[in-house]
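Protein chains in written order, with my numbering: chain A, 1338 to 1616; chain B, 43 to 421; chain C, 3 to 269; chain D, 111 to 467; chain E, 111 to 467.
Don't be surprised by glycine CBs; every beta carbon is placed ideally from N, CA and C.
Here's the structure, in structure tokens; my notes come after.
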Amino acid sequence: MTRRLQAVLHRRPGLRLTGLLTPALVWLGLFYIAPLALLLATAFFRTNSFTGRIVYDFSTDNVVDVLTTPEYLLTAGRTVGVAVGVTLLCALLALPLATYMALVAGPRSRPVLLALVLTPLWASYLVKVYAWRVLLVPEGGLLGAASPGYGWTAVVLTLTYLWLPYMVLPVYAGISSMRGSFLEATADLGARPWTSFRTVVLPMLAPAIAAGSVFTFSLSLGDYITVQLVGGTHQMLGNLVYSTFSVDLPFAAAVAVLPLLVMAAYLLTIRRTGALSRL
Amino acid sequence: ACGGSDDTAPVLDDSPPEATAYAGPVGQGEGALSVLAWPGYAEDGSTDPAVDWVTPFEQATGCQVTVRAFATSAEAVQLFSTGEYDVVSASGDASLRLVYGDRVQPVNTDLVPNYADILPDLKNKPWNTVAGKSYGIPHGRGANLLLYNLATHPTPPTSWADMWEPGSSAAGKISPYNDAIYIADAAVYLMAKRPELGITNPYALDQTQFDAAIALLRQQKPMVAEYWGDVVKQGQGLASGTLSEAQGWQLTANLANTDATTVGTTKPIEGATGWSDTWMIKKDTPHINCAYQWLNHIVSPEANAQVAEYFGEAPANTKSCALTKNPDHCTQYHAQETGFWDNVYYWTTPIEQCIDGRRDVECIGYDEWVRAWTELQNS
Amino acid sequence: MILSTTARWLLRTAAIAVLTFIYAPLLLVLLNSFSTSATFAWPPPGLTLRWWQVAATNDGVRAALVTSVEVALLATAIAVVLGTLASMALTRYEFFGREGVSLLILLPIAMPGIVTGIALNTLFTQALGGLTFLTLVVGHATFCIVIVVNNVSARLRRMSGTVEEASMDLGATPWTTWRLVTFPALRGALLAGGLLAFALSFDEIIVTTFTAGPGLQTLPLWIFQNLFRPNQSPVVNVAAAVLVVISVLPVYLANRLSGDSAGAVTK
Amino acid sequence: MPSVARTVPVTPPQHAGEVPAISLRGVRKEFPGGVVAVHDLDLDIAEGEFVTLLGPSGSGKTTVLRLIAGFEQPTAGTVLLRDRDVTTAPPFDRDVHTVFQDYALFPHLSVLRNVEYPLRIAKVPRTERRERALAALATVRLEGLADRSTTALSGGQRQRVALARALVNRPAVLLLDEPLGALDLKLREQMQIELKEIQRSSGITFVFVTHDQDEALTLADRTVVFSEGRVEQAGSPQEVYERPASAFVAGFVGTSNVLAGETAGTVLGREGSWSIRPEKITVTAVDREAAAGWSSTVGVVEELVYTGATTRCVVALEAGGVLSALLLNGSGDGAPPLGRGQTVRLSWQPEHEIPLM
Amino acid sequence: MPSVARTVPVTPPQHAGEVPAISLRGVRKEFPGGVVAVHDLDLDIAEGEFVTLLGPSGSGKTTVLRLIAGFEQPTAGTVLLRDRDVTTAPPFDRDVHTVFQDYALFPHLSVLRNVEYPLRIAKVPRTERRERALAALATVRLEGLADRSTTALSGGQRQRVALARALVNRPAVLLLDEPLGALDLKLREQMQIELKEIQRSSGITFVFVTHDQDEALTLADRTVVFSEGRVEQAGSPQEVYERPASAFVAGFVGTSNVLAGETAGTVLGREGSWSIRPEKITVTAVDREAAAGWSSTVGVVEELVYTGATTRCVVALEAGGVLSALLLNGSGDGAPPLGRGQTVRLSWQPEHEIPLM
Ligand SMILES: Nc1ncnc2c1ncn2[C@@H]1O[C@H](COP(=O)(O)OP(=O)(O)OP(=O)(O)O)[C@@H](O)[C@H]1O
Ligand SMILES: Nc1ncnc2c1ncn2[C@@H]1O[C@H](COP(=O)(O)OP(=O)(O)OP(=O)(O)O)[C@@H](O)[C@H]1O
Ligand SMILES: [Mg+2]
Ligand SMILES: [Mg+2]
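Structure (structure tokens):
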């Protein structure tokens, strides 16, 4: 770039900003917003499901169908329930682990622990689920009578296992960034450890937990493979979308609106905690 | 929300879209072929160097083959509809949809020399022939058997009853197939159990018959451990006793019995559903020569024997039985045992025009089957 | 919070329990890769190296691995370029709609994969003429951008903007400044972000299922197909075990290079 | 403070006639959002001058520096460097270097490579570059640390590296934005001395921003006092301190004793607001007469604040109000020791009564 | 500085006999890594005293506070609070509150809820809690900001919230670790006055850490000077400033003029190291005799540093060496105006020659 051109660019911050933002915005517009819009539009068409061809007639049938069929709403409700359960369980497990890593473990073992938490992210998702399937074999399996068998408990447990690192990392970063004096201040003002934790640490960690929950929640919400492997006869929204997708795309699109809405509502809710800027 | 008169593809019409078969001759290959197949149907040695009938084809014809496997018939239809594939191994519940969806072309069987050796039993069937035109080459067949754990069944079961009747000893440990086409299994049982419904073809159900089948499935659901979609998973369950009875394939039992014999199979007295796959060619494929060469290759005695053994099914080519490594393979799979197949109802896509020939009622079309199945799964 | 000895002991116990929870299934995978049973039978009837030999000669897994690496590299490269530019805009400029832009960048990963997957599938198959290798790369790059943005933004925020001003003040043009100051300072964050993006792409299955072109097999797709196939699941276990062992390296690198755990927060 | 805009044209007294190093002509800076950070500023800074910009937080000091350096562009007005109009020139086209408050050292480069940076940009050959950088490090007495990483330096050392980097290719003008703000008191005093020395020996024009009045007065040839984007007063440290042009300057520069309203009437015999610097006030026993011609008043010692070299004596006047006197804790020269509660006489020369507006 | 360990036992002069608020007996703190941050410290602090701990960075000031607060436990020795042995008691069992350097306000709580926090922990009923918190906010003049978020406060305001929070349930002892370090000069001076006022009216014992000598002297009843983990000197500000016990104290507290070696021989007529405070030195015309009994010497004015209230006059002595004199810019009382290069006489009373070591 010539010096001259750079001087001009320097004088025009708007131009620079445009240059920086345009590539990502065009990309996301083209490859994210456009497909979503197309998908939403598709929900208002219908398929001749025998031939697999879409019939381009505007119709709200699919959307109305999805929103009024009790079976689908029930599945949506259960799916949200699973996502909430997974998120809570992840938070419950992540808190002591992250607290230990940040406050108890020595500076030398901290990176090791962090690596230990991160490593499972590289093991294949499918293999991990399959390992859980083996672990959870009802009766006579590894866990013997302690196994909950295949069902919702198994689904929540397995999803928690899969997404736990996504919760541990932000919570760990949150605790680490609480400078020592916050924690000391509570003790100094008379609070015992548990009171400190309840009154200061937990509320201050809320944004970090919320940031982690975006992942645990959304990844659980969209999953359809885990439930196939360890969910017994149960189904989640993802399965509904997946199983109808190839037969009846407009219907699947209408179903996909449900997780989309749930997630949008979720993001709006936690935006107030400031979690989104931490992602 | 099914078929109105504004559909572009005719559904209620007797005749499929206008199409003529390739007249031939089959000449030099175009150099490339894109294959969509059930896993195990088109092995190129990448899984196991010993299992390879694609490479010899490539060497013989110069057609470079890329293979994509699919997991369900629904996926097969969806993938093939993208137009990316030249040939597909379609089961009976997919083939008609491809035909009526105008995705495939009629096949000129004269251009496939090995067609002559195909079991007559499999030729000109509703799932591969429409309006007198053949739309593909039969590849093999299998029945959806009753699989059972030997430990819990000192005497072999003879009926599907334990999988359907409430209070059965297998409750909580049964495993039906996870697809809308399983509604036909309910219909097969009803054919024997409730003759008054008048079901003659499990793929041609009017509203009453359909409702009865769904009711039966709903009654079954609480007893289900898992709807199966994976033979390894299912075999493991049967072997360990987690599953007591299941609808499934001979292949599953064979797998489960590799270490010790723990799983038995039987075709119950009510009969069973089954499948027969057909190799079909994409409409307007630019690789027509390679496609015909592939069809001929894959049903050749050697290749067909290899596939049948590797996948676990009865070969379509009558000469294949002599070529299997396991000399008992064809016996085990009842390949040429005509009587065995009498009460096996091959997967066929249900359409609104009853395929059992009734003209006084409308049957329930496939999309309604899928909806009903989806709702059942989510209830 | 001043921790008592009891509290420390309780935390240590809890941490060990959680780590056990994390590693027990992975150990099971490793063990199964040596099991003589082809079907994950428990307990393993015997131990064998056979699957490792089979895996070593398995062309499918190798081809899939290569495809996965190619896809992940390309997607990461795109994400790094787009993400870095966007990070500069987001951290160095105040503008109307900035929060909206951050949200937009976040959306592909915050929305359920199946929605993203079928949306992209619809776009590619209905409007853009079908799936190819490139559509897969595009799909992956789209949700990888946010990873890069997170890492780079975190670094840029900690690195005060005056460093760049100082460079220009000392006579360097913006481009020279980028080359000599900003980029070297960002290198660690870029690498850390890139590694995480790579990892995410490498193990992605849902969006992959919907955007991979015909005949294309990434490692997860290969695993998905072979996990359900006779005689292949032990090979899958071998592949997974190898991945876990190999992954220690990038995880270590990412930690070292990002310089702060916060950068690694979001895979 | 006056509510009408007031523009004080500021020309350096000594160098009139020469081409000024920096000229700001009617410069105004308005930020998006409507904040006017600088109001129609006219300011000339002579070649070789050491000018300090003093003012409270938010008064626009940094903005003025950034306008000179080229990081911001004025909404109106022109910026001249040695008579060249650089109003829209980017920073890299101005012969002006800045020492940033946070030093802005390049974290990935060693001390030496940081200092070499401007020479590298100017394409100075490698060996010369190294020599000159080492020489610059020598002027700030950091030769020994050339290969250290900048992250391993103390605050004072970092500050000196930043200075060496800004000085190494001898810019016409050096801008310093509160460079000593982050240092502790001892270090700060030491750096002040060094800075003054460097400026004197290099002859480079220094524009130094601070909100610390001691620093501003100690270092400057000329001090410019800012308030709310306007120049309140500009002049030598003595002028600004001894003859504040407004109540604001009187209050901001030094401790101001303001006598106003009734108290002023009673004590000074005239109305209005008046400021008297604490050090101008003499404290004597109440029974001793004030010197002839001196003003005086009586009050009770309320507080004695000992700070080592000086003691601040806060006196509550009988006439109302409070005055502080600053006493040097010099050699006991016969003055009576003061105690809290004691009644004392305060006296001062009337010329030190500064009218405020 | 002495190379042998030197322990200065420090007892508050005024309150001898009473139970001290804080007693450190032979306290030693060694960190893992072998750093000895505090060497065998004995220190008694009386009820209601305002003690400042002064010393350079790393001298162990913070460590002493943390030992008193209970964040650290001594390697050896005992810590007593009102004669109760708390050596191993956790912070929440000590009636001691701390104002942290970074304030450590809880960001998720409003100003009021921050101040209420210790009362909430102490299970004070809600309404009383609120009343007392508001009262505490009133003492720091922040009533109006009760419902503000703490992130929306200026530095000075945050500091005051931290103070209110630490004071609200009236601890026996308040520890302050450089609480004014982050504030700018004006604000800092204002806060110093407020702090002193609050301490006086509340009667709470204050232990205040700083490395700013002005602050230490201004605020303290007693100042403890630290160096390298040891107490160098402890006493009233006057004692420490006027009679430094060591060269270190002389140098660290106030500007020291040190005459040593030959120069001392020539000027003072005796060998050794001597310190003279700049404000004790009188500058006169060279031809004017020094007062009877005063020491005097002659030199050339090298530099005049004007800081408003005072001018520092740096004089290069004929005998070698440099002395600074601090001159009050008071009302012109007949002294000749000084100029650079002028030869002047410096004189002082011999009692102000402080022997170092
Ligand atoms: N980029 C900006 N956008 C909007 N307003 C700004 C910007 N930069 C500065 N301001 C405003 O301009 C005014 C002057 O700011 P400036 O930084 O020049 O003050 P300052 O005198 O340097 O203060 P300080 O002593 O705190 O550094 C302030 O009101 C500030 O809020
Ligand atoms: N947790 C610790 N581990 C090891 N060494 C420490 C620790 N805390 C302090 N030190 C060391 O103890 C010595 C005294 O530190 P301390 O913080 O008490 O000094 P300080 O006088 O407060 O200094 P400053 O004015 O910089 O705050 C220093 O050498 C410091 O490096
Ligand atoms: Mg500023
Ligand atoms: Mg400290």
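Partners in chain D for residue i, counting only beta-carbon separations shorter than 8 Å
{"i": "residue 1348 of chain A", "result": "183, 198 and 200"}
{"i": "residue 158 of chain C", "result": "Result: empty, since nearest Cβ-Cβ is about 13 Å, beyond 8 Å."}
Contact under 8 Å by Cβ, residue i with residue j
{"i": "residue 103 of chain B", "j": "residue 335 of chain B", "result": "yes"}
{"i": "residue 388 of chain E", "j": "residue 365 of chain E", "result": "yes"}
{"i": "residue 276 of chain B", "j": "residue 267 of chain B", "result": "no"}
{"i": "residue 235 of chain C", "j": "residue 274 of chain B", "result": "yes"}
{"i": "residue 175 of chain D", "j": "residue 198 of chain D", "result": "no"}
{"i": "residue 356 of chain B", "j": "residue 375 of chain B", "result": "yes"}
Reference residue i, options the options, closest by Cα
{"i": "residue 331 of chain E", "options": "E/338, E/344 and E/322", "result": "E/344"}
{"i": "residue 1598 of chain A", "options": "A/1527, A/1400 and A/1579", "result": "A/1400"}
{"i": "residue 262 of chain D", "options": "D/312, D/322, D/429 and D/219", "result": "D/219"}
{"i": "residue 396 of chain B", "options": "B/321, B/241, B/87 and B/217", "result": "B/241"}
{"i": "residue 146 of chain D", "options": "D/161, D/134 and D/173", "result": "D/173"}
{"i": "residue 451 of chain D", "options": "D/326, D/423 and D/466", "result": "D/423"}
{"i": "residue 328 of chain E", "options": "E/132, E/157 and E/161", "result": "E/161"}
{"i": "residue 291 of chain D", "options": "D/318, D/308, D/275 and D/360", "result": "D/318"}
Under 8 Å from the C-beta of residue i: neighbouring residues of chain A
{"i": "residue 421 of chain B", "result": "1408 and 1411"}
{"i": "residue 229 of chain C", "result": "1463, 1464 and 1467"}
Interface residues of chain A facing residue i [CB-CB closer than 7 Å]
{"i": "residue 179 of chain E", "result": "1525"}
Partners in chain E for residue i, counting only beta-carbon separations shorter than 7 Å
{"i": "residue 1518 of chain A", "result": "210, 212 and 214"}
Where residue i meets chain C, residues with beta-carbon distance less than 9 Å
{"i": "residue 1368 of chain A", "result": "110, 122, 125, 140, 141, 143 and 144"}
{"i": "residue 1588 of chain A", "result": "Per Cβ cutoff of 9 Å: no residues; residue 1588 of chain A is ~11 Å from chain C at best."}
Listed by chain order, chain C residues near residue i by CB distance under 8 Å
{"i": "residue 126 of chain B", "result": "132, 133, 215 and 216"}
Interface partners of residue i on chain D, CB under 9 Å
{"i": "residue 1344 of chain A", "result": "198, 199, 200, 202 and 203"}
{"i": "residue 344 of chain E", "result": "The premise fails here: residue 344 of chain E is roughly 16 Å from chain D at the closest Cβ pair, so nothing lies under 9 Å."}
Going along the chain, which residues of the region 186 to 219 of chain D sit with their C-beta nearer than 9 Å to a C-beta in chain A?
For the region 186 to 219 of chain D, the set of residues with a beta-carbon nearer than 9 Å to any beta-carbon of chain A comprises 198, 199, 200, 201, 202 and 203, in chain order.
Quick one, which residues of the region 115 to 140 of chain C are near chain B if we go by CB-CB under 7 Å, in chain order?
127, 132 and 133
Return the chain-ordered ranges of every alpha helix (DSSP H) run that is complete within the region 369 to 394 of chain B and spans a minimum of 4 residues.
Taken in chain order, the complete alpha helix (DSSP H) segments of 4 or more residues contained in the region 369 to 394 of chain B are 371 to 374.
Can you list, in chain order, the residues of the region 73 to 98 of chain B whose Cβ is nearer than 9 Å to any Cβ on chain C?
76, 77, 78, 81, 82, 86, 87, 88, 89, 90 and 91
Give the residues from the region 224 to 246 of chain E that approach chain A closer than 9 Å (Cβ to any Cβ), ordered along the chain.
Here the close residues are 227, 228, 230, 231 and 232.
Could you pull out every unbroken alpha helix (DSSP H) segment of at least 4 residues lying fully inside the region 118 to 143 of chain B, listed in chain order?
If we require 4 residues or more, the alpha helix (DSSP H) runs fully inside the region 118 to 143 of chain B come out as 134 to 142.
Name the residues in the region 180 to 199 of chain C whose C-beta lies less than 7 Å from a C-beta of chain D; which are they?
183, 186 and 187
According to a CB-to-CB cut-off of less than 9 Å, which residues of the region 377 to 400 of chain E neighbour chain D?
387, 388, 389, 390, 391 and 392
In the region 308 to 379 of chain E, which residue ranges form an unbroken beta strand (DSSP E) of at least 3 residues, counting only runs that do not cross its ends?
315 to 320, 332 to 337, 340 to 345 and 367 to 370
Which complete alpha helix (DSSP H) runs does the region 225 to 296 of chain E hold, if anything under 4 residues is left out?
236 to 249 and 265 to 277
Residues from the region 1525 to 1541 of chain A in contact with chain E, defined by Cβ distance under 8 Å
The residues in question are 1525, 1526, 1527, 1528, 1529, 1532, 1536, 1537, 1540 and 1541.
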